[in-house]
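Residue numbers (full-length UniProt numbering): 1 to 254.
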């Protein structure tokens, strides 16, 4: 489904170019939930921009669902990106539009007939648990509800891949778990491939099948989540694993 082969991304920065992603190779299978974890500056946000075609690799190849995203241009890239959706940390909702209008927006841009839009919006509102909030504006919603709108909007055009960029980082622990449960339900119901970018290991443990640990632009450890948790090889991975027990303590006393 997703294949990164020896991907590097170098940004010009005065006399000293910055290597944001350094020779990364990863494979994500159809229907997997794949976690990419790292602290700020690790290169994970650049990696997700390479996956959706917002950045071009300096070297290497990015293939998503058979499309060479790294080399695609113009209409070819636009068509490929229609099947790659994003969920954002800060929701990126249209504040002057209602819940229904936010969900409908991408379908309107794609030229979907109005009757199909109405049907799809109703389906998605029920799917993400926002029945009764159709006519609310973002300012009237909680953080968790806003992210549910973001997820519904991302699903509107039946994507093959859902990219989540720190999608739970702005949420409290209980709401985070509710949103993760929703993503897991969507994955299991529809077989949707999900890539989660995060700096929180409990997010990875809860719903991911595999995880890649990034540090300074490189993948320093990769494997099945259970294996990485039971036998972390790198100091940064052990640090992330310790996060989980701390998070459990927060939930216990919340």
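For glycine and all other residues, C-beta sits at the position ideal for the given N, C-alpha and C.
Endpoints, the alpha helix (DSSP H) within which residue i is located
i, result
"residue 153", "143-155"
"residue 75", "74-81"
"residue 174", "173-190"
"residue 3", "Note, residue 3: premise wrong, no alpha helix (DSSP H); beta strand (DSSP E) at 2-11."
"residue 121", "114-127"
"residue 169", "Element bounds for residue 169: n/a, residue is neither H nor E."
"residue 230", "225-230"
Residue i in three-state terms, based on DSSP
i, result
"residue 209", "coil"
"residue 100", "helix"
"residue 301", "Since the first residue shown for the chain is 1 and the last is 254, residue 301 is missing from the structure and cannot be characterised."
"residue 218", "strand"
Neighbourhood of residue i by C-beta, 6 Å cutoff - its chain only, sequence neighbours within 5 removed
i, result
"residue 222", "212"
"residue 17", "10"
"residue 135", "98"
"residue 164", "87 and 196"
"residue 184", "207"
"residue 167", "87"
Own chain, CB closer than 7 Å to residue i, minus 5 neighbours either side, in chain order
i, result
"residue 215", "38, 42 and 236"
"residue 29", "1"
"residue 175", "143 and 144"
"residue 45", "165 and 197"
Continuous beta strand (DSSP E) stretch holding residue i: start and end
i, result
"residue 44", "Segment 44-51 is the alpha helix (DSSP H) holding residue 44; no beta strand (DSSP E) there."
"residue 40", "Residue 40 -> no beta strand (DSSP E), and no H or E assigned at all."
"residue 263", "Nothing about residue 263 can be reported from this structure: the residues present for the chain run from 1 to 254 only."
"residue 198", "193-198"
"residue 270", "The first residue shown for the chain is 1 and the last is 254, placing residue 270 beyond what the model contains."
Beta carbon of residue i nearer than 8 Å to that of residue j
i, j, result
"residue 260", "residue 229", "Beyond the ends of the chain as shown, which are 1 and 254, falls residue 260; an answer cannot be given."
"residue 144", "residue 89", "no"
"residue 258", "residue 74", "No answer is possible for residue 258: it lies beyond the span of the chain, which begins at 1 and ends at 254."
"residue 157", "residue 82", "yes"
"residue 182", "residue 151", "yes"
"residue 64", "residue 50", "no"
"residue 85", "residue 155", "yes"
"residue 36", "residue 47", "yes"
"residue 96", "residue 153", "no"
"residue 244", "residue 205", "yes"
"residue 180", "residue 195", "no"
"residue 19", "residue 217", "yes"
"residue 23", "residue 8", "yes"
"residue 238", "residue 224", "no"
Sequence-distant residues of the same chain with beta carbon closer than 8 Å to residue i, five excluded per side
i, result
"residue 149", "91, 93, 99, 102, 103, 128, 130, 138 and 141"
"residue 54", "none"
heavy atom of the ligand SAH below 7 Å from residue i C-beta
i, result
"residue 207", "What this structure holds is no ligand at all, so the ligand SAH is not there to describe."
Chain D contact for residue i (CB, 8 Å cutoff)
i, result
"residue 38", "As a matter of chain content, chain D is missing from the structure shown, which is built from one protein chain."
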